[in-house]
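A.B. asks: If you read the sequence shown in the numbering used here, its first letter stands for residue -11, the second for the next number, and so on. Every residue, glycine too, gets a C-beta built ideally from N, C-alpha and C.
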Amino acid sequence: MAANRITLLPLVPLLALAASQAGAQAPAAALNAISEPGLLAHIKVLASDDFEGRAPGSDGERKTVAYLEQQFKQLGLKPGNPDGTYVQPVPMRGQIPSPTFSYTVAGNTVPLRFPDDYVAHSTAAQTQVSIASSEIVFVGYGVQAPEYGWDDYKGADLRGKTLLMLINDPAIADPAAPSQLDKSMFKGAAMTYYGRWTYKYQIAAKLGAAAAIIIHETKPAAYPYDVVKTGGLAENFGLLQKDGTAGNDPDAPVIPGWIHLDRARELLAAAGQDFDALKQAALRKDFKPVALNGTASFQVDNQTRMVQSHNVVAKIEGSDPKLKHEYIVYTAHWDHFGIDDKLPGPRSRQIYHGALDNASGTSALLELAKAYQALPKAPKRSILFVATTAEERGLLGAKYYAKNPLYPLSKTLANINIDGINAWGKTAQIENVTSGHSTIDTLLAKYAAMQGRKVEPDSRPELGSFYRADQLEFARVGVPVLYTKARSNYLGKPADYARQVVDHYVAHDYHKVSDDVRGDWDFSGGVQDIQLLFQVGYDIAQGKTWPQWHAGSEFKGAPRGQ
-11 MAANRITLLP LVPLLALAAS QAGAQAPAAA LNAISEPGLL AHIKVLASDD FEGRAPGSDG
49 ERKTVAYLEQ QFKQLGLKPG NPDGTYVQPV PMRGQIPSPT FSYTVAGNTV PLRFPDDYVA
109 HSTAAQTQVS IASSEIVFVG YGVQAPEYGW DDYKGADLRG KTLLMLINDP AIADPAAPSQ
169 LDKSMFKGAA MTYYGRWTYK YQIAAKLGAA AAIIIHETKP AAYPYDVVKT GGLAENFGLL
229 QKDGTAGNDP DAPVIPGWIH LDRARELLAA AGQDFDALKQ AALRKDFKPV ALNGTASFQV
289 DNQTRMVQSH NVVAKIEGSD PKLKHEYIVY TAHWDHFGID DKLPGPRSRQ IYHGALDNAS
349 GTSALLELAK AYQALPKAPK RSILFVATTA EERGLLGAKY YAKNPLYPLS KTLANINIDG
409 INAWGKTAQI ENVTSGHSTI DTLLAKYAAM QGRKVEPDSR PELGSFYRAD QLEFARVGVP
469 VLYTKARSNY LGKPADYARQ VVDHYVAHDY HKVSDDVRGD WDFSGGVQDI QLLFQVGYDI
529 AQGKTWPQWH AGSEFKGAPR GQ
């Protein structure tokens, strides 16, 4: 198959063009400070066995936080916390669950095996939680979306019950083209926040359910069941209050969990129902919850501990006496899944290295800090770098910052988040996962064009990437966000190359111990992407206008907070 090719324009003339358009000195030295060797050197450290998978509350966290502090200090950045430190404490409760789950239908009790058949944990503060004989109700996709005229619950009383629900959004066929999805309903092929497991747990808690169990399907979930198992075996975390007090998680029922598709089919069959028929029925607006005439029983024994985790924060103070009190925030999560001693093989094969997810993004954060420090003069506004904790546990570090910002959100112009860096070469385009939400889109297109590249919307909207990374928490408190991916149209490669490398990573390495440093990586494209994010952030820091939400974004009306 013919390769896709594009000629990239020389860097320095492009920077001069940028300077003439922006009315600012071209930051050529800053962009050239971002390098493949620098990026890879940080990744090799953070993803090494010595850092033990960077789990929150572990020795791996201690080493990670110390390394990031050291690097920010060496670069000459100021402490990002107004208290004079490079950390923001994030108090959490850690729990390692030992769950049991059985269901009873028509007098027959069926125990399920953890974690092969299901995963579940408890969000309660107690070390032991039991739910006995909770009525099981199938609630379709578990969605209440008034803007789409959609309500899967129809006013049913679900207090104390166990909700069985589908993952992702309702996939509504376009009446005019039945082979395609209706873009007017849940954004067509794109996953909305209603499709995320976080939303489904939140609505279940709001309705007073005792448990919410999501049926796993690989395609609509966007990852295999093994990823669910990894998360289920790991220590779970929940945020504590700012004063450190513990309580139940308001964003989830007491028992949240997942069930393997095969086991869900068996449960429904035992109740006289067919999974495929129920799934089809759930695609109608007139769907009503289906009582399965069975009960579920759970017990979760928790090994509980209080964890003082940390966001790592560093700052470059703005050069303008007035504008320096306004901020552009770059984020990347430093955490991963730590160690699983139960896995076979040597120690190195028990460590979740998280090289691309997200040692690469954290390393990019350091390269960006180096680039800003290479400017002949600091930008007018201040730049804050936040390496967040516990993203893998539900975006907790970013959520904590959004609820307890170190600097007023009312003075925060934008968040640019990095979660994974392109490791497979240069691309003819950059994908804007946050496309259509804010005027940052225009800046991204401007500077991508100066690289000889195009900006395209998310090529895989069904993955719901917007709702799976830290920028979501900033968007929810009203801060315009940018999150990009380079996963299509690789230069000099076959048209299906992106699908090959990305699909292989998701299937074989994502959230597995094999997400390790590889000798065949090519970060030339990753460096280009980091340079692009630098240009966008620099423009915002220097510009006269603030990024604004577009009218069609669901975050336009979000309260800006402090």
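For residue 524 versus residue 395, is the C-beta distance shorter than 8 Å?
C.D. replies: no
A.B. asks: Just to confirm before moving on: does the CB-CB distance between residue 68 and residue 146 stay below 8 Å?
C.D. replies: no
A.B. asks: Which runs of the beta strand (DSSP E), 3 residues or longer, sit entirely within the stretch 146 to 207?
C.D. replies: 150 to 154, 165 to 169, 199 to 203
A.B. asks: Return the CA-CA distance between residue 539 and residue 426, expressed in angstroms with no decimal places.
C.D. replies: 9 Å
A.B. asks: Let me make sure I understand the geometry here. Which of 108, 262, 393 has the alpha-carbon closest to that of residue 465?
C.D. replies: 393
A.B. asks: Decide yes or no for the touch test of the stretch 303 to 321 against the stretch 24 to 38: beta carbon pairs closer than 8 Å, at least 3 of them.
C.D. replies: no
A.B. asks: Quick one: grab the DSSP three-state call for residue 49.
C.D. replies: helix
A.B. asks: List the whole-angstrom C-beta distance separating residue 202 from residue 246, where the pair is believed to meet the contact cut-off of C-beta under 8 Å.
C.D. replies: Rounded to whole angstroms, the Cβ separation of residue 202 and residue 246 is 5 Å, and the two are in contact under 8 Å.
A.B. asks: Can you tell me the Cα-Cα spacing of residue 291 and residue 398, whole angstroms?
C.D. replies: 40 Å
A.B. asks: Could you check the C-alpha separation between residue 119 and residue 199 for me, to the nearest Å?
C.D. replies: 9 Å
A.B. asks: Out of 457, 416, 461, point me to the one whose CA is closest to residue 437's CA.
C.D. replies: 416
A.B. asks: With residue 427 as the anchor, note down where its beta strand (DSSP E) starts and where it stops.
C.D. replies: Careful: residue 427 lies outside any beta strand (DSSP E) and carries neither H nor E.
A.B. asks: To the nearest whole angstrom, what separates the beta carbons of residue 289 and residue 116, a pair I think is in contact under 8 Å?
C.D. replies: 5 Å
A.B. asks: State the start and end residues of the unbroken beta strand (DSSP E) segment that holds residue 444.
C.D. replies: 442 to 445
A.B. asks: Residue 221 lies in the alpha helix (DSSP H); which residues open and close that run?
C.D. replies: Counting along the chain, residue 221 sits inside the alpha helix (DSSP H) bounded by residues 213 to 221.
A.B. asks: Could you compute how far the alpha carbon of residue 217 sits from the alpha carbon of residue 104?
C.D. replies: Rounded to the nearest angstrom, the two C-alpha atoms are 7 Å apart.
A.B. asks: Just to confirm the assignment, what range does the alpha helix (DSSP H) spanning residue 482 have?
C.D. replies: Per DSSP, residue 482 belongs to no alpha helix (DSSP H) and is neither H nor E.
A.B. asks: Who pairs with residue 98 in a beta bridge, going by DSSP?
C.D. replies: 91
A.B. asks: In its own chain, which residues sit with a C-beta less than 7 Å from the C-beta of residue 352, not counting the 5 before and 5 after it?
C.D. replies: 27, 320, 406, 409, 518
A.B. asks: To the nearest whole angstrom, what separates the beta carbons of residue 208 and residue 155, a pair I think is in contact under 8 Å?
C.D. replies: 5 Å
A.B. asks: Give the straight-line distance between the Cα atoms of residue 491 and residue 211, rounded to the nearest whole angstrom.
C.D. replies: 10 Å
A.B. asks: Going by C-alpha distance, which of 220, 356, 62 is nearest residue 325?
C.D. replies: 220
A.B. asks: How many Å lie between residue 193 and residue 424 at the Cα?
C.D. replies: 31 Å
A.B. asks: Please go through the same chain and pick out, in chain order, the residues whose beta-carbon is closer than 8 Å to the beta-carbon of residue 9, but skip the five residues on each side of it.
C.D. replies: Residue placement at residue 9 cannot be trusted, given a pLDDT of 43 that sits under 50; what the coordinates show is reported in the next sentence. The residues are 434.
A.B. asks: Less than 7 Å between C-beta atoms, sequence neighbours within five positions excluded: which residues of the same chain meet that for residue 494?
C.D. replies: 211
A.B. asks: Enumerate in chain order the residues of its own chain whose CB-to-CB distance from residue 177 is below 7 Å, with the five nearest sequence positions on each side excluded.
C.D. replies: 169, 449, 450
A.B. asks: Run the CB neighbour count on residue -5, radius 10 Å, all protein chains shown included, and call it buried at 16 or more, exposed below.
C.D. replies: Bear in mind that the predicted position of residue -5 carries a pLDDT of just 35, short of 50, making it too unreliable to give a figure here.
A.B. asks: Look up residue 512 in the DSSP assignment and give the residues it is bridged to.
C.D. replies: Per DSSP, none; premise fails for residue 512.
A.B. asks: Could you have a look at residue 459 and say whether DSSP puts it in helix, strand or coil?
C.D. replies: In the three-state reduction of the DSSP assignment, residue 459 falls in the helix class.
A.B. asks: According to DSSP, is residue 36 helix, strand or coil?
C.D. replies: coil
A.B. asks: Would you call residue 82 buried or exposed, if buried means 16 or more other Cβ atoms sit within 10 Å of its Cβ?
C.D. replies: buried
A.B. asks: Under three-state DSSP, which class holds residue 350?
C.D. replies: In the structure shown, residue 350 sits in a helix (DSSP, three-state: H, G or I).
A.B. asks: Would DSSP call residue 31 helix, strand or coil?
C.D. replies: helix
A.B. asks: Sorted by chain position, which residues of the same chain lie with C-beta nearer than 6 Å to residue 88's C-beta, five sequence neighbours on each side aside?
C.D. replies: 287
A.B. asks: Alpha carbons only, please: which of 543, 110, 457, 445 is nearest the one belonging to residue 222?
C.D. replies: 110
A.B. asks: CB-CB under 8 Å to residue 536, same chain, minus the five flanking residues each way: which ones, in chain order?
C.D. replies: 426, 427, 468
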